[in-house]
Amino acid sequence: MWRGVIEEYRAHLPVTARTPVVTLLEGGTPLVRADRLARHLPDVALWLKYEGVNPTGSFKDRGMTVAISKALEDRSRAVVCASTGNTAASAAAYAARAGLPCFVVVPAGGVALGKMVQALAHGARVVAVRGSFDDALRIVREGVPRLQLTLVNSINPYRLEGQKTGAFEICDALGGAPDAVAIPVGNAGNITAYWRGFTEYHCAGVIDERPRMWGFQAAGAAPLVLGHPVAHPDTIASAIRIGRPASWEGAETAVRESGGAIEAVSDAELLAAQALLAREEGVFVEPSSAAPVAGLLKRAREGRLAPGLVVCVLTGQGLKDPDAVLRTERQPEPVPATMEALAHLVDAALVAR
Ligand SMILES: *Cc1c(COP(=O)(O)O)cnc(C)c1O
24 MWRGVIEEYR AHLPVTARTP VVTLLEGGTP LVRADRLARH LPDVALWLKY EGVNPTGSFK
84 DRGMTVAISK ALEDRSRAVV CASTGNTAAS AAAYAARAGL PCFVVVPAGG VALGKMVQAL
144 AHGARVVAVR GSFDDALRIV REGVPRLQLT LVNSINPYRL EGQKTGAFEI CDALGGAPDA
204 VAIPVGNAGN ITAYWRGFTE YHCAGVIDER PRMWGFQAAG AAPLVLGHPV AHPDTIASAI
264 RIGRPASWEG AETAVRESGG AIEAVSDAEL LAAQALLARE EGVFVEPSSA APVAGLLKRA
324 REGRLAPGLV VCVLTGQGLK DPDAVLRTER QPEPVPATME ALAHLVDAAL VAR
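The following block contains the structure:
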């Protein structure tokens, strides 16, 4: 049975026999071959690392199990994070399990419904500020020393340590490294963590080569593409609506050392890729998670996609953001409860196909 990322990768993580392990058995997520989607990507063998099946529905659980375990070991009195939603959901759940109070600071109106509901359900104290995620992170960083709280954003080094296990799992499943990894980039912690994971496996001789790292930002929140912070980041993809990434240097290092790139995709491209994943592969992700697929499709259209084995990291579950889907999909109008009404709809739909 899968034992969670700390027990599975203990030798690679900053834990000791004295660390109380707080886990919901995160990690061990599916690596799914995506042949129907790959038909849009000439000569690419496409695999999807589906992080949406983690306990709280995003990859954030990989880092949170380590951060909360260490907070407990260090006798923290409470934890705090700034969040666009998924860090809040994950911190709230793991803190609940550890018996630690949890404060989350979010941009008012900037968090998808499902994520807000998760934080509330797990009993976190939610503080909504009039400002952006970057404002939320700024005040949390300022407040941590004075309030004596443990910060569990990805600038907490234990978070990235846990998140690098995603790279280990990909290599373990494939029996080697892929040629490239495509990943959404917001605060840039995850691309930094994956690169660290591949580098550690490379140094340990587990893999011969490291993959190229392709990061994708939303066009309205693309500081790493533009080369400067964005004061008012704007995109439908709330998880990557970030103008001043905390792990800026980590992302640049990953791209430089791997021969990769960071590029931008539009909101229309994000929503189209989200729909394609759901309709052609049965994999439902939130808009941010569709960024790597949107990016690969764009590269293919422009003739810039090299052949090879590519893994897309699908960071979060689609159920978290129902409003994003309802922007393009309409809920059904009720019809009479008769077989004839059903038959009429079935015939019309299949003729239209
Ligand atoms: C946090 C998050 C991201 C961005 O990850 P960073 O480490 O901030 O770059 C992308 N997608 C989802 C679903 C997330 O929750």
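Residues 24 to 376, numbered by this note's numbering, are exactly what the sequence shown covers, in order.
Just so you know, even glycine gets a beta-carbon here, dropped at the ideal spot from N, CA and C.
Beta-carbon proximity check, residue i vs residue j, cutoff 7 Å
i, j, result
"V288", "A244", "no"
"P53", "Y32", "no"
"L299", "P310", "no"
"T46", "G27", "yes"
"S312", "L332", "no"
"A121", "A142", "no"
"Y217", "A260", "no"
"N77", "E49", "yes"
"Y181", "A90", "yes"
"P252", "I265", "no"
"M236", "V278", "yes"
"V134", "V150", "no"
"F307", "A314", "no"
"T88", "G185", "yes"
"K187", "R164", "no"
"A366", "V358", "no"
Close-in-space but distant-in-sequence residues of the same chain around residue i (CB under 6 Å, 5 per side omitted)
i, result
"A116", "T79 and H145"
"V334", "W70, K72, I193, P201 and V204"
"I178", "A269"
"A94", "V102 and T173"
"G341", "F307, V308 and E309"
"E325", "none"
"M362", "none"
"T42", "S92 and E96"
"E272", "none"
Sequence-distant residues of its chain with Cβ nearer than 8 Å to residue i (five each side left out)
i, result
"S99", "L123, L172 and T173"
"A274", "V208, A211, I214, T215, G238, L247, P268 and I285"
"R350", "I259 and L294"
"W25", "E31, L48, G50 and G51"
"R148", "P124, C125, F126 and V127"
"K321", "E286, V288 and E292"
Secondary structure of residue i, DSSP reduced to three states
i, result
"R56", "strand"
"W218", "helix"
"T88", "helix"
"Y32", "coil"
"R148", "strand"
"S177", "coil"
"V103", "strand"
"F191", "helix"
"A245", "coil"
"S81", "strand"
Beta-bridge pairing of residue i - partner residues as DSSP gives them
i, result
"M236", "V204"
"I285", "G238"
"W70", "R56 and V334"
"C226", "C226 pairs with nothing; no bridge assigned."
"Q340", "V308"
"P130", "V152"
Residues near residue i in its chain [Cβ-Cβ closer than 7 Å; skip 5 each side]
i, result
"N400", "A question about residue 400 goes unanswered here, because the residues of the chain that appear run from 24 up to 376."
"A200", "C194, F221, I230, E232, R233 and P234"
"E303", "R59 and L60"
"F156", "A105, T107, P130, G133, R264 and I265"
"S281", "W218, R233, P234, R235 and M236"
Expected contact under 8 Å - CB spacing of residue i and residue j to nearest Å
i, j, result
"L328", "V152", "Going by Cβ atoms, the distance from L328 to V152 rounds to 40 Å, so no, they are not a contact pair."
"L183", "G86", "6 Å"
"I162", "S92", "Incorrect: roughly 26 Å between the Cβ atoms, too far for contact."
"V103", "V38", "So it is not a contact: roughly 22 Å between Cβ atoms."
"A323", "P65", "6 Å"
"T241", "D290", "As written in the sequence, residue 241 is Ala, which differs from the Thr given in the question. Confirmed, about 7 Å."
"D346", "L136", "6 Å"
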